[in-house]
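Here the protein sequences come in this chain order: F and X.
Quick note: the first sequence uses my numbering, first residue 1, plus one each step.
Quick note: the second sequence uses my numbering, first residue 1001, plus one each step.
There are 2 protein chains.
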Amino acid sequence: MPTNFTETKTWKKLAASAQRMLLPENHLRHLLKNKNRFSEYSCSGGGVFLDWSRQRVDNEIMQLLLDLAKETGVQKRFSDMVTGEVVNLTENRAALHTAARDFSGQPVYVNNTDVMPEIRRVRDEIRKFSEQVAAGRILGTTGKPFRHVVVIGIGGSYLGTEFAASALQGMADTGIELHFLSNVDVDCFGGIAAQIDPEATLWIVISKSYTTTETSANEKLAKNYLSSYGLKPEDHMVAVTSRGSPGDDSSNPVRQVFHMFDFIGGRFSVSSAVGGVPLSLYLGYERFERFLKGAGEMDRHAQKAPAESNLPLISALISIWNNNFLGYPAFGIIPYSTPLSRLPAHIQQLYMESTGKAVTQQGRQVETDTGVIIFGEPGTNAQHSFFQLAHQGRPIPLEFIGVINPYYNDYETTSKGVTNHQELWANLIAQPRALACGSENEAHPARNFPGNRPSSVMLLSSLSPENIGRLLSFYEARTVYEAFIWDINPFDQYGVELGKTLASDIRKQMADKNNNPEHRFATGDPVSDAYLEILFSGNL
Amino acid sequence: MPTNFTETKTWKKLAASAQRMLLPENHLRHLLKNKNRFSEYSCSGGGVFLDWSRQRVDNEIMQLLLDLAKETGVQKRFSDMVTGEVVNLTENRAALHTAARDFSGQPVYVNNTDVMPEIRRVRDEIRKFSEQVAAGRILGTTGKPFRHVVVIGIGGSYLGTEFAASALQGMADTGIELHFLSNVDVDCFGGIAAQIDPEATLWIVISKSYTTTETSANEKLAKNYLSSYGLKPEDHMVAVTSRGSPGDDSSNPVRQVFHMFDFIGGRFSVSSAVGGVPLSLYLGYERFERFLKGAGEMDRHAQKAPAESNLPLISALISIWNNNFLGYPAFGIIPYSTPLSRLPAHIQQLYMESTGKAVTQQGRQVETDTGVIIFGEPGTNAQHSFFQLAHQGRPIPLEFIGVINPYYNDYETTSKGVTNHQELWANLIAQPRALACGSENEAHPARNFPGNRPSSVMLLSSLSPENIGRLLSFYEARTVYEAFIWDINPFDQYGVELGKTLASDIRKQMADKNNNPEHRFATGDPVSDAYLEILFSGNL
């Protein structure tokens, strides 16, 4: 790969192709006249179906994008990742979320050590623990079975689990309600405390380092809350953390510690004990394992399928095309399925934290824009929200997700001759077409639809645990592929450090004021000082 | 106002100023060395506080923006709106959401008719109805008091109420749980059905026209569900709809009909019966009225405060500056308050549906980009999600929202010397500073923070109903001001029509297939036909 990939012939040809796509004859409404376009620009793989026929591409562009993938060697790097190479260079670590769903029985080596026995050990501990809780063999201090589980974790220790739990909510039959204490906000804690029975609540503290400020503060609050009811942390708390962290220490009395590993990053960690412990308690371990196996199937597809039928890679290439060549600064994820409501928030973290980087793995400035903004709400809700802008305002590439068979598939009431599920699909089918083709109306400019707005459609056969795993792995692989093409590190997050440092200075000022009401704020920044005055005054 | 406002001197001077702001000496870290900047660029009004000191503006730019407001006559147009003029030209309607929270006793005329008596009548009906339900004087068919309320409504009949209800959740003491059946997805219905007791559930069907496809389909499903339990719609359903709609008809047996008015648009309707009925059942009518009164206070501020201290107007002008001059395509709303989690989704609809337009009220193409993308998650959660990108990737203007006194203010546990609420604020204070000032690190490029990333901070004194109303009204006024500056209509949404038309064609194909399994799909679009085949096959 040349040092500067934007100087390659392929990149320049792609830039020229973007100009070509501005010609009227390359409007999507014309491209879609090709009757073979759908079959040529759609494909099944890893258990899902992807259709990019409404993307602003043609055969020449697709070939150039595949050339880009080849020249940047991303499939080799993806394989290196899966086989345990140190692909996270800035932190000198492997990135082995894929190992967490590897049931092949083959070893995976990190620095000459097979990590699979440890992964299997933790999975086994999760299975046993969740079975014992479900069977009522593990009880709270006062002998009550657990009916509430509160996950104390933020970012990657929260969003993926929340997504998977809400996606599979219909099959949660363990009698346990799941709550997420993510924010350090006492209104997050108070809202949960108002809903739970302390004697029947298990708290899962999740932090790789066990020093995450928000999580530590909430852990402390939870411990005080337990004490106030005469309950013991060693009965009501478990920890998910790294071996040897402050949480994995006899001075931190908890019922059990589940290990997580430095070769699985936070936002890629839902397949590890981070998701495994809460999801197994909520759904039963077997469903968690089915989720892992679905993810594993997509992992193998992402690693092994040839580029031209590799769905995460194709999706990554089209994302780069839309971003770096067509200039779209965002994309929307629109699941036509209410249980997938929290998918956009999880992918927002996964993708934006992984690709919001300015320098390559080697520390050079990246020559192009990197990650875009991701947002989304379920359809058809989104049609009644921001789709006005998507149709007539600023164009936004959209990714539609459809589910062929809903979970609650026995509601057969019809309205206007169709079931509600069919109505949902009528809209799912209509929107990409409306966006792509538009409809001209010179007489009524307010009713003119310019069209030529790109979108993809992904389909799942159902909301099974396997399919939720496939969906997760698809977006993980897609994110990694995009980052590898830009040569940025999808696994670090130095961009969050400055805010932490400044917050630490401000916290110090607050603590000083708590100790001494005469303390005068001196953050070195008059604006920060002013806010400290406002907070301590209690008034606007 | 000249025909083409981008040809005005003011607009051109603003464009030149944007170039000037690129100079190194105009980096925010330098502008913030002015010790008076915070006091000059912050202001209280309408019961909230706004700080724009970390926006990339200076005195000259602020003056030009105020000139722009003056030249476009937006304050006059805002007053016209409040006093009942027909400001929604394409639909020939007034836009009087402000009248819904007018307690002045003064008349408000639409076409020479005072609309206030009708508004007061509906408010009174809401009060009586919610009091009777709370007192157990209105019961279900089998004599059970109502413990669940399901709101059947989508878009503007859903998002604003969801935002207000979740913001005020802590004070919900009526013993009623609120559910939102927005999506036509049966998994939305099934998920709710799994949580409710049908005999103790009241359904509120909300649709101005009573013909919204999703709402009608869900109403039918709910009626069948009631029947299957031997329950009657005339006991378990109420309607919020226009006078004379199909829902306001004796052939539609419901317990009570609450009227909504064509002069209040869907996304501005939470202050009407749309929000009033569910919020009064959930929180009690008095709190709903307090919410209205807070909104009313901000309405008067937005209408009457001079431009230089008019917070919604200043915010609108800065939004236009960031969008049309500095070129930022999005902004993020980051409430440092978990109960405000659904604010971004509501403002996403309010703003993107109102400003995602390509033509002026007169049907001319707008000369600039219009509305941007809005998204957001609460802080500090967002710091552990997409803030990596905000700090080191593509810059995104952010709007931080802080709450001085949390709702659950009795959790005083400290960690690192501060309470959790103080920790939350340490982060709220640190982030805008980190974004603005950055921190250079040539030795470690991955740890370099370019800074110069703009943000605002808004403060509320607490999560009172009044403050939630103020917050709502602030964003409504800001949205209207932005649209008025561009001379687009914030009150119509023709952009959603094409999708509806195409969905209707596809629905027809589905209904034909339901009636006749031999029917061959013929939408005229091979891609749509292919999706119909997939859906009816039940397989990928």
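Glycine included, C-beta positions come from ideal geometry on N, C-alpha and C.
Have a look at the options and flag the residue whose alpha-carbon is nearest the alpha-carbon of residue i.
i	options	result
Ile154 of chain F	X:Met1171, X:Ser1385, X:Thr1370, X:Thr1523	X:Ser1385
Gln462 of chain F	X:Leu1535, X:Val1403, X:Asn1515, X:Pro1517	The sequence given here has Ser at residue 462 of chain F, not Gln. When each option's Cα is compared against that of Ser462 of chain F, the closest is X:Leu1535.
Lys1035 of chain X	F:Asp525, F:Ser537, F:Gly538, F:Leu532	F:Asp525
Pro1278 of chain X	X:Ile1192, X:Arg1127, X:Trp1425	X:Arg1127
Ala1430 of chain X	F:Thr523, F:Ile204, F:Thr211, F:Leu89	F:Thr523
Val257 of chain F	F:Lys508, F:Asp124, F:Thr90, F:Thr72	F:Asp124
Pro198 of chain F	F:Cys437, F:Glu7, F:Trp321, F:Asp235	F:Asp235
Leu1389 of chain X	F:Ala200, F:Asp505, F:Pro329, F:Val403	F:Pro329
Val82 of chain F	F:His301, F:Ala134, F:Arg364, F:Tyr210	F:His301
Phe1420 of chain X	F:Cys188, F:Gly275, F:Met298, F:Phe78	Note on residue identity: the sequence assigns Asn, not Phe, to residue 1420 of chain X. Among F:Cys188, F:Gly275, F:Met298, F:Phe78, the Cα nearest to that of Asn1420 of chain X is on F:Cys188.
Tyr1494 of chain X	X:Gly1376, X:Met1352, X:Ser1228, X:Phe1331	X:Met1352
Leu175 of chain F	F:Phe146, F:Gly160, F:Thr161, F:Ala217	The sequence shown places Gly at residue 175 of chain F, not Leu. Gly175 of chain F has its Cα closest to that of F:Phe146, out of F:Phe146, F:Gly160, F:Thr161, F:Ala217.
Glu1091 of chain X	F:Gln55, F:Arg447, F:Ser216	F:Arg447
Ala1193 of chain X	F:Arg470, F:Glu442, F:Gly170	F:Gly170
Ser1044 of chain X	X:Lys1076, X:Pro1306, X:Glu1162	X:Pro1306
Leu343 of chain F	F:Glu297, F:Leu66, F:Gly356, F:Gly379	F:Gly379
In the DSSP assignment, find the alpha helix (DSSP H) that holds residue i and state where it starts and stops.
i	result
Asp235 of chain F	233 to 236
Thr1201 of chain X	Where Thr1201 of chain X is concerned, there is no enclosing alpha helix (DSSP H), although the beta strand (DSSP E) it sits in stretches over 1201 to 1206.
Glu1219 of chain X	1213 to 1228
Ala194 of chain F	Premise fails: Ala194 of chain F is in no alpha helix (DSSP H) and is neither H nor E.
Leu181 of chain F	That residue, Leu181 of chain F, is in no alpha helix (DSSP H); its beta strand (DSSP E) goes 177 to 181.
Ala134 of chain F	116 to 134
Arg1433 of chain X	1420 to 1437
Thr161 of chain F	159 to 167
Gln75 of chain F	74 to 82
Asp1529 of chain X	1526 to 1537
Asp1067 of chain X	1059 to 1071
Gly1276 of chain X	1273 to 1283
Pro1312 of chain X	1311 to 1320
Residue i lies in the beta strand (DSSP E); which residues open and close that run?
i	result
Gln256 of chain F	256 to 260
Ala305 of chain F	Premise fails: Ala305 of chain F is in no beta strand (DSSP E) and is neither H nor E.
Val151 of chain F	148 to 152
Ala330 of chain F	330 to 335
Could you name the residues of chain X that residue i contacts, counting a contact when the two beta carbons are closer than 7 Å?
i	result
Arg447 of chain F	Tyr1494, Glu1497
Gly363 of chain F	Pro1445, Ala1446
Ser439 of chain F	Leu1498
For a contact defined as C-beta to C-beta under 8 Å, what are the partners of residue i on chain F?
i	result
His1391 of chain X	Gly356, Gly495, Val496, Leu498, Gly499
Asn1605 of chain X	Examination of residue 1605 of chain X is not possible in this model, given that chain X is present from 1001 through 1540 alone.
Met1352 of chain X	Ser385, Phe386, Gln388, Leu389, Gly393
Val1418 of chain X	Arg507, Met510, Ala511, Asn514
Ala1330 of chain X	Pro329, Ala330, Ile373
Identify the contact partners of residue i in chain F, using a Cβ-Cβ distance below 7 Å as the criterion.
i	result
Ser1337 of chain X	Asp185, Asp187
Pro1526 of chain X	Lys35, Phe38
Lys1208 of chain X	What Lys1208 of chain X touches in chain F: nothing, since even the nearest Cβ is about 12 Å away.
Leu1413 of chain X	Checking the sequence, you will find Thr at residue 1413 of chain X rather than Leu. Per Cβ cutoff of 7 Å: Lys220, Leu221, Asn224.
Ser1216 of chain X	Ser415
Starting from the beta carbon of residue i, find every residue of chain X whose beta carbon is closer than 8 Å, and list them in chain order.
i	result
Ser44 of chain F	Leu1540
Ile154 of chain F	Thr1380, Asn1381, His1384
Val372 of chain F	Arg1394
What residues of chain X sit near residue i, judged by a beta carbon separation below 9 Å?
i	result
Gly170 of chain F	Asp1187, Gly1190, Gly1191, Ala1194
Which residues in chain F have a C-beta closer than 9 Å to the C-beta of residue i? List them in chain order.
i	result
Leu1292 of chain X	Within 9 Å Cβ-Cβ: nothing; Leu1292 of chain X doesn't reach chain F, min ~21 Å.
Return yes when the C-beta of residue i is under 7 Å from any heavy atom of the ligand HEM, and no when it is not.
i	result
Val48 of chain F	Of the ligands one can find in the structure shown there are none, so the ligand HEM has no counterpart to examine.
- At which residue ranges does the region 1439 to 1504 of chain X contain complete beta strand (DSSP E) runs of 3 or more residues, listed in the order of the chain? 1455 to 1462
- Query: Using a beta-carbon distance cut-off of less than 8 Å, what residues from the region 1172 to 1197 of chain X approach chain F?
  - Reply: Ser1182, Asn1183, Val1184, Asp1185, Val1186, Asp1187, Cys1188, Phe1189, Gly1190, Gly1191, Ala1193, Ala1194
- Identify each residue in the region 377 to 389 of chain F for which the Cβ-Cβ distance to at least one residue of chain X is less than 7 Å, and report them in chain order. Along the region 377 to 389 of chain F, going in chain order, the ones with a CB nearer than 7 Å to a CB of chain X are Glu377, Pro378, Thr380, Asn381, Gln383, His384, Ser385, Phe386, Phe387, Gln388, Leu389.
- Which runs of the alpha helix (DSSP H), 4 residues or longer, sit entirely within the region 1015 to 1048 of chain X? 1028 to 1031, 1037 to 1040
- Could you pull out every unbroken beta strand (DSSP E) segment of at least 3 residues lying fully inside the region 355 to 414 of chain F, listed in chain order? 373 to 375, 398 to 405
- Query: When Cβ atoms are compared, which residues of the region 1070 to 1081 of chain X fall closer than 8 Å to chain F?
  - Reply: none
- Query: What residues from the region 48 to 66 of chain F come within 7 Å of chain X, judged by C-beta to C-beta, listed N to C?
  - Reply: Phe49, Ser53
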